[in-house]
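Enquirer: Just passing along the structure, written as structure tokens.
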Amino acid sequence: MPSEQALASLSNSLVYAALGIYVLAMLSYAAAAAVAPVRMQRRATAVALATVIAGAPSSGPASLDEPTSSQRAGFGWRTGTSLTVLATALHALGVLMRGLASGRAPWGNMYEFALVGALVASIAYLVLLRIQRRSAEDLRVALSLGVWVVGLVALTLGLAITVLYVPAGPLIPVLNSYWLVIHVAAAITCAGVFTVGAVCHLLYLLQVRSGRRAESGTGRGRRTTLPSAETLERIAYKVHVFAFPLWTFAVIAGAIWAENAWGRYWGWDPKETWAFITWVMYAAYLHAAATPSWRGARGAVLGLLGYAALLFNFIGVNMWISGLHSYAGV
Amino acid sequence: MAEGSRDQAARHGPHPGSLGRWVWSRLTSMRTAIVLLISLGVASIPGSLLPQRGVSSDPGAVVRFSRENPDLAPWLDRLGLFGVYSAPWFAAIYLLLLISMTGCVVPRLVRLWRAFGDDPAPPPRHLERADRYADWEPEALQAGAMVAHAQAALRRRGYRVRVDRPVPSPAATTELGSVTTVVRGEKGFLREAGNLLFHASLLVMLLGVALGSLMGYEGRVAVAEGDDFTNVISQYDDFTPSPLTDLAGLRPFSFTLNDFDAQFETVAARRGEPRSFRADLEYRSSPQAPVRTASVEPNKPLAMGSTKVFLTGHGYAPKVTVRDGGGQVAFSGPVIFMPRDSTYASDGVIKVPDATPEQLGFEGFFLPTVEMGPSGPFSLFPDDLDPRLVLTAWSGDLGLDTGIAQSVFTLEKAGMNQLRSGDQPFAFSLKPGQTAALPGRKGTITFDGVARFANLQIARDPGKEVALLAAILLLTGLTLSLTIARRRAWVVVTAPTTTARGRVQVAASAVTRRGLPREEFDQISEELRAPAEPNGRSRHSPTRSVAHQSTRHGK
Chain A
14 MPSEQALASL SNSLVYAALG IYVLAMLSYA AAAAVAPVRM QRRATAVALA
64 TVIAGAPSSG PASLDEPTSS QRAGFGWRTG TSLTVLATAL HALGVLMRGL
114 ASGRAPWGNM YEFALVGALV ASIAYLVLLR IQRRSAEDLR VALSLGVWVV
164 GLVALTLGLA ITVLYVPAGP LIPVLNSYWL VIHVAAAITC AGVFTVGAVC
214 HLLYLLQVRS GRRAESGTGR GRRTTLPSAE TLERIAYKVH VFAFPLWTFA
264 VIAGAIWAEN AWGRYWGWDP KETWAFITWV MYAAYLHAAA TPSWRGARGA
314 VLGLLGYAAL LFNFIGVNMW ISGLHSYAGV
Chain B
70 MAEGSRDQAA RHGPHPGSLG RWVWSRLTSM RTAIVLLISL GVASIPGSLL
120 PQRGVSSDPG AVVRFSRENP DLAPWLDRLG LFGVYSAPWF AAIYLLLLIS
170 MTGCVVPRLV RLWRAFGDDP APPPRHLERA DRYADWEPEA LQAGAMVAHA
220 QAALRRRGYR VRVDRPVPSP AATTELGSVT TVVRGEKGFL REAGNLLFHA
270 SLLVMLLGVA LGSLMGYEGR VAVAEGDDFT NVISQYDDFT PSPLTDLAGL
320 RPFSFTLNDF DAQFETVAAR RGEPRSFRAD LEYRSSPQAP VRTASVEPNK
370 PLAMGSTKVF LTGHGYAPKV TVRDGGGQVA FSGPVIFMPR DSTYASDGVI
420 KVPDATPEQL GFEGFFLPTV EMGPSGPFSL FPDDLDPRLV LTAWSGDLGL
470 DTGIAQSVFT LEKAGMNQLR SGDQPFAFSL KPGQTAALPG RKGTITFDGV
520 ARFANLQIAR DPGKEVALLA AILLLTGLTL SLTIARRRAW VVVTAPTTTA
570 RGRVQVAASA VTRRGLPREE FDQISEELRA PAEPNGRSRH SPTRSVAHQS
620 TRHGK
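So the protein lines, in turn, are chains A and B.
Read in our numbering, the first sequence has 255 at position 242, and its numbers run on one by one without any break.
Read in our numbering, the second sequence has 536 at position 467, and its numbers run on one by one without any break.
Here it is in structure tokens:
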């Protein structure tokens, strides 16, 4: 059995390696997006991709119709995805080693929250690719999220290593509860999945904006690699429909833990308040998505507000506001 | 989540009169609900940024903020910003939201109830424009068998099914004289039921919260090692009752804090981090009950019925003995000092009203592990490895008889004189066991040793089971309403005539935004085509299958 220090430093090496590979994946995705001159060829590109990447049934050698650029782009998407898979695997191993080194669930301080949250975002993206692989168009849309999601994951890991890092160790007593495993795991999973949803909403808004500009003729008719807005909105909705009940569960689990630790299940502690704000904003988004006059851009803005509240809860509340949750170990 | 039908539902509000009706339909519309939700979120923000009365982990925060911002604070107070979550405007938002929600949900409950009795919806006029559509013209179609087959296929998948009476086919699409039978199915009522359950559970949640905040209580007390506590209001340091709390009927338990154990990390990088806290109690859950022992730790409260005792903090209580000028013991025992930071450097005062001829007071700090720094002594480590008690002394009138309540952590100095040695204030530092003699023969003080105290929170919330039930219902309803797709399916069988083949059309549409399950439609249409295949009589001649799902979602 290797020593705890050895495991901890192995975890750190794995995280560094994952970070490097994420950056390569991001560059690869960015190059693919730059090379593929998009709209006219997207179907062929996507079909080629679907075949190559996710093992989707191909409807023939469609890629031959669109020779070089789509092939080059396909290479970029493929490389990006392979690298992302590799980085995610290393990242997951890093998290596992961290857990073994400290002898507990590896989400007990901010460094570990960031580490695991980023891992979940990356996994959520790969799962999304897998789900969307049946339709070439949908897969293309999902892949267009790649450069953003992987970029954010890399950024988070970078910040985690440089700013938030603390050595592996045991928990402070107030966190020492099995509710830590349940409540925090659910919350972090949501954070990762909501990140993918927020990227969808952001791209959707950009897409709608560039669409409007093209219509009004004021823009330069910028050709963009952004996929059709409608597909983005649909994926965003799917992602949020998955994450919202989970977030609800995370908040409820937190309330049960609070009752067990402090004698009240809800006390408007800043962390609780911001979890509530996040919940309410995402609830508003889901209602907007079911209301014709609010669907679309307004809904997307609500979704992004929910994500902003989530981020503030993780970053702002931990760092600037004191409260009962101020033990998170910045 | 109400799938847009809410605005229609709103029109069936109960109010007569056009203005009332207009207001009601506005209030219960989905757009109003969204605006109210956003308002609720925004209104919650100031409470997390400004100190709050009664909800903060730091009870003195509002007072301190008011002292630091004397101009701003009264205005914030008038707006209720130091008590956002009990402010009338905050209540107005969530009550409006709940009314809006109820006004929307109740009519829908009625419609759902009726819909259970109704037949599934008839097929749309243009069947081929449904979300999914397929048709084929099998050879030798036996219409009756196909209808029965379709009925079975839908039933098996949990559809409610109704078979229409055969009618003459519309002349435009088929031969005169042919007969068409429609099989209609509908599924996914649990979605709407879940949606309603979700919204109803919010009302139950409010009930649970209301029960707790009307009848529960919460109190805090700091108990030093060796001290007792009995559950009556006068024993609490801080007690927050609710309007209907039965103050005389608090559960009559009592306990003694026998021992408090604290462990801190001693190695390397995380030196000083807390590792474990444990308060060992000896308690009686009622005066007649036998004495039992219990350990209270973070996350491990002691429960007595619905009253629970939680460990929320700890600190040091130096044990001192004070003798007055006449040599009489005027005070002896532990005195609670408030921790100032994570090294447990603690501030406190010792009041000795029984000293004669003049009352004595001491003010100073306690350091669990002392270290000398350039600007004076400081605490190096939270455990009591090398403790010091550093004090200054005062004599005179402590002002305890004025009738004005005093904090046990501050010395009222108006009637006191600071003792001096020469021209310097008399200050001294004691190790355990050491005694200091006060100037002017006013007495002595001995630092007997170190005890710890535990901050205990005692709470009872009779509404929490209701709230938990509401939370479970809420999660169940939410999950149902977001994962189940309410959908309709139709199978239209046109019987063959002497001149034309028969025809089977299958179509399905999602009623709600959640799209059709991916595989179901394909399975149904495959199944309906299947029985002809084994004997090879059927060529799937002209077959079309259309999927509109990628372009039409969200009804």
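Positions of the beta carbon are idealized from the N, C-alpha and C atoms, including for glycine.
Nothing here was measured: the structure is a model prediction, and the numbers come from that model.
Got a sec? Which residues, its chain only, sit under 6 Å from Pro-422(B) by beta carbon, not counting five neighbours each side?
Expert: If you number the second sequence from 1, residue 422(B) lands on position 353. Excluding residues within five positions, the ones whose Cβ falls inside 6 Å are Gln-428, Leu-467 and Leu-469.
Enquirer: Note down the Cα distance separating Thr-16(B) from Ala-130(B), rounded to an integer number of angstroms.
Expert: Past the edges of chain B, shown from 70 to 624, lies residue 16(B), and the structure says nothing about it.
Enquirer: How would you write the range of the beta strand (DSSP E) that Glu-440(B) sits in, first residue to last?
Expert: Residue numbering aside, residue 440(B) sits at position 371 when the second sequence is read from its first letter. Run containing Glu-440(B): 439-442, per the beta strand (DSSP E) assignment.
Enquirer: Which chain A residues sit within Cβ distance under 8 Å of Thr-548(B)?
Expert: As a position in the second sequence, residue 548(B) is number 479, starting the count at 1. Simply Pro-258.
Enquirer: Quick one: residues in its chain with C-beta nearer than 7 Å to the C-beta of Val-206(A), no 5 flanking neighbours on either side, listed in chain order?
Expert: The count along the first sequence starts at 1 and reaches residue 206(A) at position 193. Answer for Val-206(A): Val-133, Ala-137, Val-252, Phe-255 and Ala-256, listed in chain order.
Enquirer: What residues from the segment 146-157 of chain B come within 9 Å of chain A, judged by C-beta to C-beta, listed N to C?
Expert: Val-153 and Tyr-154
Enquirer: Any beta carbon from chain A within less than 8 Å of Pro-370(B)'s own beta carbon?
Expert: As a working mapping, residue 370(B) is identified with position 301 in the second sequence. For Pro-370(B), the answer is yes, since a Cβ of chain A falls inside 8 Å of its Cβ.
Enquirer: From Val-273(B), Thr-548(B) and Phe-431(B), pick the residue whose C-alpha is nearest to that of Leu-480(B); which is it?
Expert: Position 411 of the second sequence, counted from the first residue, corresponds to residue 480(B). Comparing Cα positions, the closest option is Phe-431(B).
Enquirer: Quick one: give me the first and last residue of the alpha helix (DSSP H) that Leu-37(A) is part of.
Expert: Numbered from its first residue, the first sequence carries residue 37(A) at position 24. Where Leu-37(A) is concerned, the enclosing alpha helix (DSSP H) stretches over 17-48.
Enquirer: Please confirm if the segment 520-537 of chain B is in contact with the segment 277-297 of chain A, defined as three or more CB-CB distances below 8 Å between the two stretches.
Expert: yes
Enquirer: Which stretch, first to last residue, makes up the alpha helix (DSSP H) that contains Trp-463(B)?
Expert: Counting from one through the second sequence, the residue named residue 463(B) turns up at place 394. From DSSP, Trp-463(B) is part of no alpha helix (DSSP H) but of the beta strand (DSSP E) over 457-465.
Enquirer: Count the C-beta pairs between the segment 571-579 of chain B and the segment 199-219 of chain B that are closer than 8 Å, then say yes if the count reaches three, no if not.
Expert: yes
Enquirer: Would you kindly check if the distance between the Cβ of Ser-415(B) and the Cβ of Phe-434(B) is under 8 Å?
Expert: As a first step, residue 434(B) is located in the second sequence; it is residue number 365 there, counting from the start. As a first step, residue 415(B) is located in the second sequence; it is residue number 346 there, counting from the start. Yes.
Enquirer: Drop a sphere of 10 angstroms on the beta-carbon of Pro-387(B), count the other beta-carbons inside from all chains shown, and report buried for 16 or more, exposed for fewer.
Expert: For the purposes of this step, residue 387(B) is taken as residue 318 along the second sequence, with counting starting at 1. With 16 or more other Cβ atoms within 10 Å, it is buried.
Enquirer: Is it buried or exposed, Trp-93(B), if we count other Cβ atoms within 10 angstroms and call 16 or more buried?
Expert: By one-based count along the second sequence, residue 93(B) stands at place 24. Counting every other CB atom within 10 Å of its CB across the protein chains shown gives Trp-93(B) a total of 16 or more, marking it as buried.
Enquirer: Alpha carbon to alpha carbon, how far is Ala-303(A) from Gly-234(A)? Give it in angstroms, no decimals.
Expert: Within the first sequence, the letter at position 221 stands for residue 234(A). Within the first sequence, the letter at position 290 stands for residue 303(A). Reliability of the predicted coordinates at Gly-234(A) is poor, the pLDDT of 46 falling under 50, and the value obtained from them is presented with this limitation in mind. Rounded to whole angstroms, Gly-234(A) to Ala-303(A) spans 32 Å at the Cα level.
Enquirer: Is there a C-beta anywhere in chain A that falls below 8 Å from the one on Gln-121(B)?
Expert: By 1-based counting over the second sequence, the position of residue 121(B) is 52. It does: the Cβ of Gln-121(B) has a partner Cβ on chain A nearer than 8 Å.
Enquirer: Under 8 Å between C-beta atoms, does Phe-207(A) make it to chain B?
Expert: On the first sequence, position 194 is the one that residue 207(A) refers to. No, its Cβ sits nowhere closer than 8 Å to a Cβ of chain B.
Enquirer: Residues in the segment 505-535 of chain B with C-beta within 7 Å of chain A's C-beta atoms, listed in sequence order?
Expert: Listed in sequence order: Gln-526, Ala-528, Asp-530 and Lys-533.
Enquirer: In angstroms with no decimal places, state the Cα-to-Cα distance between Pro-139(B) and Leu-215(A).
Expert: As a first step, residue 139(B) is located in the second sequence; it is residue number 70 there, counting from the start. As a first step, residue 215(A) is located in the first sequence; it is residue number 202 there, counting from the start. Straight-line Cα distance between these residues: approximately 43 Å.
Enquirer: Count the CB pairs spanning the segment 439-447 of chain B and the segment 330-340 of chain B that are closer than 8 Å, and state whether there are at least three.
Expert: no
Enquirer: What's the C-alpha gap between Arg-80(B) and Ala-211(A)?
Expert: The residue given as residue 80(B) occupies position 11 in the second sequence. The residue given as residue 211(A) occupies position 198 in the first sequence. Low confidence applies to Arg-80(B): its pLDDT is 46, below 50, so where it sits in the model is not reliable enough to give any reading.
Enquirer: Please check if any C-beta of chain A sits within less than 8 Å of the C-beta of Met-99(B).
Expert: Taking the second sequence and counting its residues from 1, one reaches residue 99(B) at position 30. Residue contact with chain A for Met-99(B): present (Cβ-Cβ distance below 8 Å to some residue of chain A).
Enquirer: Where does the unbroken beta strand (DSSP E) through Arg-231(B) begin, and where does it stop?
Expert: Counted from its first residue, the second sequence places residue 231(B) at position 162. Looking at the DSSP string, the run of the beta strand (DSSP E) that includes Arg-231(B) is 229-232.
Enquirer: Report yes if the C-beta distance between Phe-495(B) and Thr-471(B) is below 8 Å; otherwise report no.
Expert: Here the question's residue 495(B) lines up with position 426 in the second sequence. Here the question's residue 471(B) lines up with position 402 in the second sequence. In this structure, Thr-471(B) does not lie closer than 8 Å to Phe-495(B) by Cβ.
Enquirer: State buried or exposed for Gln-405(B), treating a residue as buried only when at least 16 other CB atoms are found within 10 Å of its CB.
Expert: Taking the first residue of the second sequence as 1, we reach residue 405(B) at position 336. In the sequence as displayed, the identity of residue 405(B) is Ile instead of Gln. Buried is the call here.
Enquirer: Would DSSP call Ala-577(B) helix, strand or coil?
Expert: If you number the second sequence from 1, residue 577(B) lands on position 508. Note: Ala-577(B) maps to strand in three-state DSSP.
Enquirer: For the candidate residues Ala-100(A), Leu-299(A), Arg-225(A) and Gly-116(A), whose alpha-carbon lies nearest to that of Val-194(A)?
Expert: Here residue 194(A) is taken as the residue at index 181 of the first sequence, counted from 1. Nearest option by C-alpha distance: Gly-116(A).
Enquirer: Are Leu-543(B) and Ser-270(B) touching if we call contact CB-CB under 8 Å?
Expert: Here residue 543(B) refers to the residue found at position 474 when the second sequence is read from its first residue. Here residue 270(B) refers to the residue found at position 201 when the second sequence is read from its first residue. Yes, they are a contact pair.
Enquirer: CA-CA distance, Ser-155(B) and Val-293(A)?
Expert: Stepping through the second sequence from its first residue, residue 155(B) is reached at position 86. Stepping through the first sequence from its first residue, residue 293(A) is reached at position 280. If I take the Cα positions, the gap works out to 18 Å.
Enquirer: Looking only at C-alpha atoms, which of Phe-478(B), Asp-517(B), Thr-513(B) and Leu-350(B) sits nearest to Arg-457(B)?
Expert: Taking the second sequence and counting its residues from 1, the one referred to as residue 457(B) is at position 388. The option with the nearest alpha carbon to Arg-457(B) is Asp-517(B).
Enquirer: As a quick exercise: from Trp-205(B), Thr-390(B) and Gly-254(B), pick the residue whose alpha carbon is nearest that of Arg-226(B).
Expert: Position 157 of the second sequence, counting from 1, holds the residue named residue 226(B). Of the listed residues, the one whose Cα sits closest to Arg-226(B) is Gly-254(B).
Enquirer: Can you pull the chain A neighbours of Tyr-497(B), defined as C-beta to C-beta under 7 Å?
Expert: Locating residue 497(B) in the second sequence gives position 428, counting from the first residue. At residue 497(B) the sequence reads Phe, which differs from the Tyr that was named. Neighbours of Phe-497(B) on chain A: none; closest Cβ ~34 Å, over 7 Å.
Enquirer: What's the call for Gln-145(A), buried or exposed, on a 16-neighbour Cβ count within 10 Å?
Expert: Looking up residue 145(A) in the first sequence gives position 132. So Gln-145(A) ends up on the buried side.
Enquirer: Going by DSSP, name the residue or residues bridged to Tyr-352(B).
Expert: Mapped onto the second sequence, residue 352(B) falls at position 283. Answer is Phe-324(B) and Arg-361(B), bridged to Tyr-352(B).
Enquirer: From the DSSP output, which residues share a beta bridge with Met-373(B)?
Expert: Locating residue 373(B) in the second sequence gives position 304, where the first residue counts as 1. Thr-376(B), per the DSSP bridge assignment.
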